[in-house]
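Structure, as structure tokens:
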Amino acid sequence: MPVRPREPRWVFYVITATGLAAAALTYTGFCFPTKAVNTMHLLKSVLDERPRPRDQNKALSRVYFVVLCLLPAFATSLALWGVLHAWRNELSSIPYHHQRCQGSSTKPHRLTACGSTPADAEARGCRFDILSFAWQTPECYDDELMEEFIRYDKWQFYAQPNRTDVVVDLATALRGKRTLYVDWKYHVTHCTFMWRQMHRAYALRGYIDSHLDSYEHTLHCQRVLMDTETPLGMNSAILFKVHTEAGPAEEVALEIQAVLVQDKNIGSDTPTKVAAFAADWRNRLMGSNVAISNIIQADIEAAEQREGEVC
2 MPVRPREPRW VFYVITATGL AAAALTYTGF CFPTKAVNTM HLLKSVLDER PRPRDQNKAL
62 SRVYFVVLCL LPAFATSLAL WGVLHAWRNE LSSIPYHHQR CQGSSTKPHR LTACGSTPAD
122 AEARGCRFDI LSFAWQTPEC YDDELMEEFI RYDKWQFYAQ PNRTDVVVDL ATALRGKRTL
182 YVDWKYHVTH CTFMWRQMHR AYALRGYIDS HLDSYEHTLH CQRVLMDTET PLGMNSAILF
242 KVHTEAGPAE EVALEIQAVL VQDKNIGSDT PTKVAAFAAD WRNRLMGSNV AISNIIQADI
302 EAAEQREGEV C
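Following my numbering, the numbering of the sequence shown begins with 2 at its first residue and continues without gaps.
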């Protein structure tokens, strides 16, 4: 979400200080009859030292007294306006996070999603983001960064977490219709590009997807980058699964399966163990036969209760 430039803070500080000072002076010195009369005499002596008729002098004192007693209300209002305006301006500079995709407040609040299958995503105009392993709405898809990531290296994709399978070409991977595996270097590079994508989402695009906006994913990438023991080269035990559908459950499953296949003791039966582990995790997450789509729907409904635009 774009951050609106804040007005200089010193402007509000000056307004607030002036208003408070004026209020204090008027309350303590101007709204008491004796002090008001003395003040009026002082002002009149400066403006005109000639004697005035008693009745005219009396009427003038009353006018000045009323005006000076209204000053506290004006000064207090001015000070209060300065404080509230500065507070509102401070709050407006803080991005409000959502689990899906958020945009500028000038656009109508709405939820957008790509559905639960690649066919649904294509029908809704979504594109497969090979960086986040998910279908993205046009608002959340970063063409420029995606092209840079694809050109960064000659990425190779596999249908199984070992090197016995035929390499899947990039065009097939970009269709987002198959479960694929990649090497550890891809994983590390993915994390660095995702952080860039997050900054670009807030500063340039104004939209951010749930995978990118997830703090858990940031922690996951931190662990990946701090792992200096895992080699960057291809190895059947250090491949992780790429999902073609977006959603909180799948995203967590991605990380769990990534940790699982890093285990050096896993052999040729890795695909079977990955599937069994993922199924067990999903069952524990969902409880009593609750569909993953229901979890995602509950997540969307929770987001709808907050202000903002999410996709």
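For every residue, glycine included, the Cβ atom is placed at its ideal position computed from N, Cα and C. Owing to the predicted nature of the structure, the values given are computational and were not obtained by experimental measurement.
Q) Relative to the alpha-carbon of L146, which residue among R197, A172 and K155 has its alpha-carbon at the smallest distance? A) R197
Q.
For G177, which residues in the same chain have their Cβ closer than 7 Å to its Cβ, ignoring the five residues on either side in sequence?
A. P119, F129, W136 and T245
Q | Selected residue, minimal CA-CA separation from A124, among L132, I131 and C115 | A | C115
Q: Assign H200 to one of two classes, buried (16 or more other C-beta atoms within 10 Å of its C-beta) or exposed (fewer than that).
A: exposed
(Q) Just verifying my parser: in three-state terms, what is the DSSP assignment at W196? (A) helix
Q: Could you name the residues that DSSP lists as bridge partners for F150?
A: Answer is none; F150 lacks a bridge partner.
Q.
Need the endpoints of the alpha helix (DSSP H) that D184 sits in, please.
A. Note, D184: premise wrong, no alpha helix (DSSP H); not H, not E.
**Q.** Boundaries of the beta strand (DSSP E) in which A174 is found, first to last residue
**A.** A174 -> not in any beta strand (DSSP E); alpha helix (DSSP H) instead, spanning L171 to L175.
Q. Since Q223 is in the beta strand (DSSP E), which residue starts that stretch and which ends it?
A. First-last for Q223: Y216 to M227, but that is the alpha helix (DSSP H), not the beta strand (DSSP E).
**Q.** Per-residue burial, V168 [other beta carbons within 10 Å of its own, 16 or more giving buried]
**A.** exposed
Q) According to DSSP, is R125 helix, strand or coil? A) coil
Q: Output the boundary residues of the beta strand (DSSP E) element that contains W136.
A: Residue range A135 to Q137 is occupied by the beta strand (DSSP E) that includes W136.
Q | CB of W156 within 8 Å of CB of V189, strictly | A | no
Q: Give the DSSP-derived three-state secondary structure of D210 in the structure shown.
A: coil
Q: Please list, in chain order, all residues of the same chain as C127 whose beta carbon is under 7 Å from its beta carbon, the five residues on each side excluded.
A: C115, W136, Q137 and T138
Q: Going by DSSP, name the residue or residues bridged to D144.
A: Its beta-bridge partners do not exist; DSSP assigns none.
Q: Have a look at F134, L81, D121 and D143 and flag the residue whose alpha-carbon is nearest the alpha-carbon of Y203.
A: D143
Q) Can you tell me whether N195 is buried or exposed, with buried defined as 16 or more other CB within 10 angstroms of its CB? A) Correcting the residue identity first, residue 195 is Met in this sequence and not Asn. M195 should be labelled buried.
Q: Could you check the C-alpha separation between Y159 and T173 for me, to the nearest Å?
A: Going from the Cα of Y159 to the Cα of T173 covers about 11 Å.
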